[in-house]
Amino acid sequence: MQTLEYYLNDLQDRINPDNEETLEKAWLSFADLKCNDQFFAPFRQASSPRIEWPDVNINDAIQDNSLMIYSQLKMCSDMLLNGSGELMCVRMNYGTGIIPTMLGAEVFMMPYEHNTLPGARSLAHGIDDIRRIVSRGQWDYQIGLAGRVFSTFDKYASVVARYPKINRYIHVYNPDLQGPLALCELMWGSQFYLDLYDEPELVSDTLKFFTDIYIGFTEKWHQAALTFDAGHSVEWGMLHRGATIIRNDAAMNISGDMYQELIAPHDQRILNRFGGGVHFCGRGDHYIHVLATLNNLSVINLSQPEYNDMEKIYQNTVDKNIIIIGLRSDEVRRAAESGRNLRGMVHSGASMAAWLERDKR
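Just so we're aligned: 55 in numbering that gives the first Met the number 0 is position 56 of the sequence shown, and the numbers increase by one with no gaps anywhere.
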């Protein structure tokens, strides 16, 4: 492995400002509901590397700030190589345990051969630990993986400052902060779903606590890493209105009514502050109608259309001027060929990784 500067020089030479600005304008048009096609499927002119970019295991990157930066820059190199239509971007990629480990949860490293991001273990004493951290009401951004997020960004900002095209055209996006519901599930453990009924007051206090942390962390992050502009940000290479995307995978475990009553008010606080959207893996059609009513929600990202009634999804997104980003190309093609009007509000592609196995048909 060479120095970071060795790889930065290659990227700097390959970035074409005209190409990148054309792509940015296309994304802005899409995000602002001005796409005139049925769906949005951008691409850029490919640019091959002049050097070898070796793979790096994520477990190694977690342990070394320079390797973390390299691993993210390599993704940008691969995007140029493959003609990806997403905007080049990097994040401080420490997995779902950033906030949990800041509050005392143990990092859970995946087996090396899986090459998969770490998570965090639930708190050892469950509800007693939850009561303790909520009653204390304090946190420290330098603890756990949160500290690594900020220290790695400081190093990244320092090294790319000398590379004007990288500094301008490779965007820094939010670390994975999950969302209030996901944080409850992760730190509380599976008992959380019973305590929704048995400990409603504590659940409410905990959701508020995690919402406060999410907002505070994001505000601190945006002081360091500016969003794309005052009204837009980039997530997974995709530009959207607003400044955050809440992770709501855990909402597939509760009913739409429970989401509306217990979770939506906290997600709304986040959207009131930042604007943006919601991501979910698995099923979300049971509460998409609630999401569609949230103020300042402009974007949805879902990973698995096959688990959803997609007509219900479209009725509560594109039909209400809420865009979908990163939708798998097979579903976009199916919908378009069936005559479903996507109104220019669906981005075709499974986010930044889509170009790795690009649909050649």
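Heads up, the beta-carbon is just placed ideally off N, CA and C, and yes, glycines get one too.
* Asked: How about ILE165 and LEU270: are their beta carbons less than 8 Å apart?
  -> no
* Asked: Do PHE209 and PRO179 come within 8 Å of each other at the CB atom, strictly closer than that value?
  -> yes
* Just checking my contact of ILE129 with TRP187 at CB under 8 Å: how many whole Å lie between their CB atoms? -> 6 Å
* To do: Going by CA-CA distance only, name the one from TYR6, THR21, PHE38 and GLU4 that's closest to GLY338.
  => PHE38
* **Cα-Cα separation, GLN190 to ILE126** => 8 Å
* **DSSP-derived helix/strand/coil call for VAL171** => strand
* **Distance, GLY325 Cα to TRP26 Cα** => 13 Å
* Within the segment 105 to 131, ranges of the alpha helix (DSSP H) (whole runs, at least 4 residues) -> none
* To do: Would you kindly report the start and end of the unbroken beta strand (DSSP E) that includes HIS278?
  => 275 to 279
* To do: Return helix, strand or coil for ILE383, following the three-state DSSP convention.
  => For residue 383 there is no data in the structure shown, the boundaries of the chain being 0 and 360.
* From what residue to what residue does the beta strand (DSSP E) around ASN64 run? -> Where ASN64 is concerned, there is no enclosing beta strand (DSSP E), although the alpha helix (DSSP H) it sits in stretches over 64 to 81.
* Check whether the segment 68 to 77 touches the segment 44 to 55, taking contact to mean three or more Cβ pairs, one atom from each stretch, closer than 8 Å. => yes
* To do: Rank ILE68, ILE61 and GLU23 by C-alpha distance to the C-alpha of LEU7 and give the top, closest one.
  => ILE68
* Asked: Beta-carbon separation of GLY275 and GLY241 under 8 Å?
  -> yes
* Please list, in chain order, all residues of the same chain as LEU195 whose beta carbon is under 6 Å from its beta carbon, the five residues on each side excluded. => VAL202
* To do: Consult DSSP for ASP17 and reduce its assignment to one of helix, strand or coil.
  => helix
* DSSP three-state call for ASN300: helix, strand or coil? -> strand
* Within the segment 191 to 273, note down every full beta strand (DSSP E) run reaching 3 residues or more, in order along the chain. => 231 to 234, 237 to 240 and 243 to 246
* Excluding five sequence neighbours on each side, which residues of the same chain lie with their C-beta closer than 7 Å to the C-beta of GLN267? -> LEU293 and ASN294
* Where GLN44 falls, given that 16 or more other Cβ within 10 Å makes a residue buried -> exposed
* To do: Evaluate contact between the segment 106 to 121 and the segment 85 to 94, counting only Cβ atoms and requiring at least three cross-stretch pairs below 8 Å.
  => yes
* In angstroms, rounded to a whole number, what distance separates the CA positions of ARG131 and PRO99? -> 14 Å
* Going by Cα to Cα distance, which pick from ALA291, LYS319, ALA334 and ASN320 is closest to PRO304? -> ALA334
* Thinking just about the alpha-carbon of each residue, which of ILE14, SER232 and HIS288 is nearest to the one in GLN259? -> HIS288
* LEU66 and ARG13 look like a contact to me (Cβ under 8 Å); what is the Cβ gap, rounded to whole Å? -> Incorrect: roughly 21 Å between the Cβ atoms, too far for contact.
* Kindly list the residues whose CB is nearer than 8 Å to the CB of TYR140, restricted to its own chain and excluding five residues on each side of it in sequence; keep chain order. => MET101, GLY146, PHE149, PHE216 and LYS219
* To do: State buried or exposed for ASP175, treating a residue as buried only when at least 16 other CB atoms are found within 10 Å of its CB.
  => buried
* Nonlocal neighbours in the same chain, by C-beta distance under 7 Å from MET404, ignoring five residues either side -> Summary: the structure shown does not reach residue 404, with the chain confined to residues 0 through 360, and so no result is reported for it.
* Asked: When the Cα atoms are used, what is the spatial distance from ALA263 to LEU3?
  -> 43 Å
* To do: Buried or exposed for HIS124, please, with buried defined as at least 16 other CB atoms from any protein chain shown within 10 angstroms of its CB.
  => exposed
* Rounded C-beta distance between CYS183 and THR205? I'm assuming under 8 Å. -> 6 Å
* To do: Grab me the residues of MET344's own chain with a C-beta within less than 6 Å of its C-beta, minus the 5 sequence neighbours each way, in chain order.
  => VAL317 and ILE322
* So what's VAL159 in DSSP terms, helix, strand or just coil? -> helix
* Could you spell out where the alpha helix (DSSP H) holding LEU176 opens and where it closes? => Run containing LEU176: none; DSSP gives neither H nor E here.
* Helix, strand or coil at LEU355 [DSSP, three-state] -> The predicted model places LEU355 with a pLDDT of 39, which falls under 50 and marks its position as unreliable; any figure quoted below should be read in that light. If DSSP states are grouped into helix, strand and coil, LEU355 belongs with the helices.
* Cβ separation of VAL233 and TYR172, assumed to be a contact under 8 Å, to the nearest whole Å -> 5 Å
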